[in-house]
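K.L.:
Got a structure here, written out as structure tokens. Questions coming.
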Amino acid sequence: MYFCTYFVLPLYSYNECTVIKIKKRQKYFEMAKELKELTSRSESYSQWYQDLVIKADLAENSAVRGCMVIKPYGYAIWEKMQRYLDDMFKETGHVNAYFPLFIPKSFLSKEADHVEGFAKECAVVTHYRLKNNPDGSGVVVDPAAKLEEELIVRPTSETIIWNTYRNWIQSHRDLPILCNQWANVVRWEMRTRLFLRTAEFLWQEGHTAHATEAEAVEEARKMLEVYANFAEQYMAVPVVKGVKSASERFAGAIDTYTIEALMQDGKALQSGTSHFLGQNFAKAFDVTFTDKNGSQEYVWATSWGVSTRLMGALIMTHSDDNGLVLPPKLAPFQVVIVPIFKGEEQLNAINEKVAEITAKLKALGISVKYDNSDNKKPGWKFAEYELKGVPVRMAMGARDMQNNTVEVARRDTLTKETVSLDNIDQYIKNLLDEIQANIFKKAADYRTNNTRTVETYDEFKEEIEKGGFILAHWDGTPETEELIKTETKATIRCIPLEGDKTPGVCMVTGKPSAQRVLFARAY
RNA sequence: CGAGGUGUAGCGCAGCCCGGUUAGCGCAUCUGUUUUGGGAACAGAGGGUCCCAGGUUCGAAUCCUGGUACCUCGACCA
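If you use the numbering used here, the first sequence corresponds to residues 26 to 548, in order.
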């Protein structure tokens with residue numbers, strides 16, 4: 026009941042004739058769905074997600090519990106995310122570095138909240154050698170090779186980095202330090218789901234050191250903006266920027282800023298976080314600097330990260346019962362061209378024509394895949410590339426060769442039309458921009474339609490069952506937050522930075538509330 | 001970590017309850033021919049430690065015990 030069936034037609038092609046064609050096409054799509062064996066969203070949203078990740082060839086489960094294999098098509102999307110994000114980090118003055126996978130166990134416990142937050146999900150290295158099993162059945166851990174200090178596999182790198190920063194920082198002239206690293210981390214999760222929560226995942230973690238509190242807060246906020254811009258402009262995923270409540274805060278942070286996205290099943294997904302760490306880690310690792318007046322001060326810190334979980338956000342925001350829908354800016358290839366031919370002679374002629382078109386498209390920076398394999402029929406290819414979310418499909422047959430046209434189909438609206446080859450490159454470029462804008466608008470409309478304001482707790486209990494974001498007044502206490510969570514399974518996703526800031530009274534206790542906060546059930 | 005379900009060819013499944021020739025079907029693969037504007041047709045071929053380890057039995061995919069992996073729902077989780 027939370028799903029909207031999007032079948033938005035572009036205005037320029039909307040006429041009665043199109044309607045008939047589309048009805049016919051819907052029938053084909055239903056056939057295609059059965060063959061794809063993709064569970065529909067209304068039947069089971071989580072099964073749909075699972076099916077889609079596997080069938081669109083994004084990732085699969087591995088031999089190691091909770092760890093996934095990211096397949097080439099899925100990794101290509103991640104690589105694009107990395108590239109754009111990395112450019113944005115560089116533009117904001119950051120540099121990349123790399124810190125170790127292993128962290129001495131004692132480091133983790135230096136910051137009290139931090140160890141409390143992560144201790145329960147750490148993988149621990151206790152030995153450094155194997156030996157042949159005396160009974161001949163393979164290898165066993167060599168008990169003689171026990172590590173003096175056990176190492177943990179990083180669940181995040183604050184401790185090893187701040188231990189290192191101590192040596193890098195003496196004076197205010199050494200600040201700020203603006204480092205980022207692209208890395209893998211391990212958090213031993215009990216229940217995993219591809220991309221959304223896995224024991225090992227890929228991410229970037231920025232770690233910055235500043236001379237003043239104001240500068241560090243500004244940094245944390247700045248990176249939140251970077252994340253929000255990336256989510257909206259590249260992923261086409263609308264997000265709410267906000268601050269986490271105390272109980273949802275990063276272990277060791279003073280403030281955690283977050284971007285929250287709304288998935289099609291009405292659940293929220295935390296998609297990126299940026300932390301103002303105050304002087305907590307500087308104090309834990311004794312990182313001080315001499316300021317301009319010659320006095321010793323503790324360094325101010327931030328950290329911020331986004332992970333392969335963004336892949337989950339991307340999939341669950343746009344995709345439909347026919348498969349993946351990718352924003353043109355992140356699609357591994359933006360256009361696929363399928364030839365329709367009888368005999369080798371026709372194919373050769375089409376190959377030549379397509380080479381011309383491809384060259385023109387590539388000159389405009391558009392990525393193209395030409396699939397002229399002859400072991401699959403065109404219809405098979407159509408369905409396959411729909412499943413994989415390719416934004417634009419072009420089909421070129423004998424008829425088009427004669428008429429100097431090509432059939433262009435767009436994945437977001439599932440509409441197609443025949444267009445002239447004159448200026449096809451510019452036409453496709455514009456179309457890709459339009460698709461990028463359209464899927465963002467669709468997602469933004471969905472969020473708007475599923476964000477509701479409530480006044481009373483009874484109303485809240487009723488509305489939360491329907492899914493979506495709920496804006497309500499809260500008295501700011503962890504006790505009230507906990508009560509709401511226990512009774513409704515909803516959590517405070519964030520205290521929004523933008524929007525209505527009118528004070529009111531808490532829906533549960535009637536105590537004063539500074540502003541409405543955003544509630545949802547979450548992944 | 002708890003409850004339930006599943007594991008048989010690359011993929012999807014039947015067979016198991018009620019043990020008995022050579023373990024079967026669809027898709028995919030290979031060969032050939034015809035096809036190609038929304039998942040092509042015919043003919044032929046190849047492909048299996050029936051999740052693993054024990055046990056019961058003349059005989060186990062099938063029954064029993066233990067293990068393991070995945071899925072669903074909980075608990076947990078920034």
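Glycine included, every Cβ here is placed at the ideal spot set by N, Cα and C.
Who pairs with L543 in a beta bridge, going by DSSP?
P.N.:
L496 and C519
K.L.:
Taking the alpha carbon of V264 as the reference point, which residue from S538, R518 and V533 has its own alpha carbon closest?
P.N.:
Just measuring C-alpha positions, the residue of S538, R518 and V533 sitting nearest V264 is R518.
K.L.:
Between which two residues does the alpha helix (DSSP H) containing K510 stretch?
P.N.:
P503 to T513
K.L.:
Look at the Cβ atom of P503, then the Cβ atom of S272, and state whether they are nearer than 8 Å.
P.N.:
yes
K.L.:
Can you give me the C-alpha to C-alpha distance between V89 and V262, rounded to a whole angstrom?
P.N.:
For V89 and V262, the distance between alpha carbons rounds to 31 Å.
K.L.:
In chain order, which beta strand (DSSP E) runs of at least 3 residues are fully inside the segment 320 to 388?
P.N.:
At a cut-off of 3 residues, the continuous stretches assigned as beta strand (DSSP E) that sit fully inside the segment 320 to 388 are 321 to 323, 325 to 332 and 360 to 365.
K.L.:
Leaving out the 5 sequence neighbours to the left and right, which residues in its chain are closer than 6 Å to A286 when beta-carbon positions are compared?
P.N.:
V262, V264, L294, S296 and A338
K.L.:
Determine, using beta carbons only, whether A547 and T516 come nearer to each other than 8 Å.
P.N.:
yes
K.L.:
Give me the Cα-Cα distance between C92 and F226, rounded to the nearest whole angstrom.
P.N.:
Cα to Cα, C92 sits roughly 8 Å from F226.
K.L.:
Leaving out five residues on either side along the sequence, give the residues of the same chain with a beta carbon under 7 Å from the beta carbon of V165.
P.N.:
L155, K156 and N158
K.L.:
Flag this pair as touching only if the segment 128 to 144 and the segment 183 to 200 have three or more C-beta atom pairs under 8 Å; answer yes or no.
P.N.:
yes
K.L.:
Quick one: grab the DSSP three-state call for D450.
P.N.:
helix
K.L.:
Hey, L457 and T476: beta-carbon distance below 8 Å or not?
P.N.:
no
K.L.:
Tell me the rounded alpha-carbon separation between N205 and V431.
P.N.:
Looking at the two C-alpha atoms, the distance is approximately 46 Å.
K.L.:
Give the straight-line distance between the Cα atoms of F124 and I489, rounded to the nearest whole angstrom.
P.N.:
43 Å
K.L.:
Using the beta-carbon count (16 or more within 10 Å), is A256 buried or exposed?
P.N.:
buried
K.L.:
Check the C-beta distance from Y259 over to K354 and give it rounded, since I have them as a contact under 8 Å.
P.N.:
Right, the Cβ-Cβ distance comes to about 5 Å (below 8 Å), so this counts as a contact.
K.L.:
So for K18, helix, strand or coil by DSSP?
P.N.:
Residue coverage of the chain in this structure runs from 26 to 548, which leaves residue 18 outside it and unanswerable.
K.L.:
According to the neighbour-count rule (16 or more other Cβ atoms, all chains shown, within 10 Å of its Cβ), is K536 buried or exposed?
P.N.:
exposed
K.L.:
With DSSP as the reference, please indicate the residues paired to Q229 in a beta bridge.
P.N.:
W207 and V331
K.L.:
Using only alpha-carbon positions, find the residue among S67, S87, R216 and G99 that is nearest to I340.
P.N.:
The shortest C-alpha separation from I340 is found at G99.
K.L.:
Assign L287 to one of three DSSP states: helix, strand, or coil.
P.N.:
strand
K.L.:
Touching or not, the segment 326 to 337 and the segment 416 to 427, by the rule of three or more beta carbon pairs under 8 Å?
P.N.:
no
K.L.:
Taking the straight line between their C-alpha atoms, what separation do you get for L219 and L63?
P.N.:
Between L219 and L63, the C-alpha separation is close to 16 Å.
K.L.:
Which one of I509, G163, D425 and G492 has the shortest CA to CA distance from D500?
P.N.:
Checking every option, the nearest Cα to that of D500 belongs to I509.
K.L.:
Let's see if you can read the secondary structure: which residues bound the alpha helix (DSSP H) around Q107?
P.N.:
P97 to E116
K.L.:
Since R477 sits in a beta bridge, which residues does DSSP pair it with?
P.N.:
I495.
K.L.:
Using a threshold of 8 Å, state whether the C-beta atoms of I460 and H343 are closer than that.
P.N.:
no
K.L.:
Would you mind sorting A388 into buried or exposed? The rule is 16 or more other CB atoms within 10 Å of its CB.
P.N.:
exposed
K.L.:
For the beta strand (DSSP E) that contains K441, what are its first and last residues?
P.N.:
T440 to S445
K.L.:
Decide if the segment 346 to 353 is in contact with the segment 67 to 87; the criterion is three or more beta carbon pairs, one per stretch, under 8 Å apart.
P.N.:
yes
K.L.:
With distance defined between alpha-carbon atoms, name the residue in A380, T438 and K486 nearest to K467.
P.N.:
T438
K.L.:
Using only alpha-carbon positions, find the residue among E230, W213 and G231 that is nearest to T223.
P.N.:
The shortest Cα separation from T223 among E230, W213 and G231 belongs to W213.
K.L.:
Using CA coordinates, which residue listed in W207, T233 and L172 is at the minimum distance from P201?
P.N.:
T233
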